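First the structure, in the form of structure tokens, and then the observations on it.
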């Protein structure tokens, strides 16, 4: 099969190469991939330790080519969305039956490919924060993949949503996704926040800590700024603020099915901002690293 493999000697650090087909384990299905999406955290970097020849890729959607030998999971020919921490950027993927969901007919492969990391992370972070109707939620990096889904899912949960973005241009469209306010500066917040879903870190997080309501919670999802968040431990004592480190985790079949159904029902928008053939992966990486993608970049596997 063909796959995108890490090669630190080429631009973008990825190239299409021919590699052996994956061999599924008994509880894995073999999926022929139709579309993949890119996440900032999975891109090979100059200072990273991803070896040459690695097949990256977290998010992928396609058609089951071989069912699991155990008898569990979807049948041949069923359309699925899949997740794993590797191996998605290829023509074939072996994936555990606990990490995929059958797609409703209304959901395209391109839409589905945006869901595994970004939508499921946002969904689980909101659960961890115990968001209920009326909760005042701030989402940093709201124009990114996780952020765009977090704004929508918080709105569906009945929260009052403040979307924090780096520029007015980055914030375009977020009001239509359910953001009550789109802000470029924490000083613009008109009331304390009960919850912050933080994808950015750095000085923005430091500033928002001072704008939490008593008992406020920060769910620390990412640190896209690459900067330090400096604050005194005393700032956490009086208001009983909580900072909770968060990682997506596995066993995502049920959550993948849930967010896919929301897309099918028109309640959740899959934010495909840029789409191209996977031969243009270098261009996609440049746009993503340059913060020129609002939502998700999706590649189709030709």
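In our numbering, the protein residues as written are 47 to 348.
Glycine included, C-beta positions come from ideal geometry on N, C-alpha and C.
Since this is a predicted model, take the numbers as computed values, not measurements.
Would you please state the rounded distance, in angstroms, between the beta carbons of residue i and residue j? I believe it to be under 8 angstroms.
i, j, result
"residue 298", "residue 129", "5 angstroms"
"residue 346", "residue 80", "7 angstroms"
"residue 52", "residue 100", "4 angstroms"
"residue 110", "residue 77", "6 angstroms"
"residue 261", "residue 241", "Not really, about 10 angstroms apart at Cβ, beyond 8 angstroms."
"residue 132", "residue 102", "7 angstroms"
Which of helix, strand or coil does DSSP assign to residue i?
i, result
"residue 78", "strand"
"residue 170", "helix"
"residue 193", "helix"
"residue 324", "helix"
"residue 253", "helix"
"residue 301", "helix"
"residue 222", "helix"
"residue 261", "strand"
"residue 184", "strand"
"residue 203", "coil"
"residue 235", "coil"
"residue 246", "coil"
"residue 338", "coil"
"residue 147", "strand"
"residue 164", "helix"
"residue 175", "coil"
"residue 209", "strand"
"residue 61", "strand"
Let's test the definition: count the other Cβ atoms within 10 Å of the Cβ of residue i and tell me whether it reaches 16, buried, or not, exposed.
i, result
"residue 181", "buried"
"residue 231", "exposed"
"residue 59", "buried"
"residue 268", "buried"
"residue 137", "buried"
"residue 186", "buried"
Please list the terminal residues of the continuous beta strand (DSSP E) segment that includes residue i.
i, result
"residue 229", "227–229"
"residue 111", "105–112"
"residue 331", "Premise fails: residue 331 lies in the alpha helix (DSSP H), 327–335, not in any beta strand (DSSP E)."
"residue 158", "Taken as a continuous stretch (DSSP letters only), residue 158 belongs to no beta strand (DSSP E), being part of the alpha helix (DSSP H) at 155–159."
"residue 86", "Taken as a continuous stretch (DSSP letters only), residue 86 belongs to no beta strand (DSSP E), as it is neither H nor E."
"residue 142", "138–142"
"residue 420", "Residue coverage of the chain in this structure runs from 47 to 348, which leaves residue 420 outside it and unanswerable."
Would you mind reading off the limits of the alpha helix (DSSP H) that contains residue i?
i, result
"residue 289", "Residue 289 -> not in any alpha helix (DSSP H); beta strand (DSSP E) instead, spanning 288–291."
"residue 50", "Unbroken run through residue 50 is the beta strand (DSSP E), 48–52; no alpha helix (DSSP H)."
**Message:** Using 8 angstroms as the cut-off, can you tell me whether the stretch 185–202 makes contact with the stretch 150–170, which would need three or more C-beta pairs spanning the two stretches below that distance?
**Reply:** yes
**Asked** Do the stretch 142–160 and the stretch 305–317 meet, that is, are 3 or more Cβ pairs less than 8 angstroms apart?
**Response** yes
**Request:** Could you say if the stretch 312–330 and the stretch 287–295 meet the contact criterion of at least three C-beta pairs nearer than 8 angstroms?
**Result:** no
**Request:** Decide yes or no for the touch test of the stretch 236–247 against the stretch 215–226: beta carbon pairs closer than 8 angstroms, at least 3 of them.
**Result:** no
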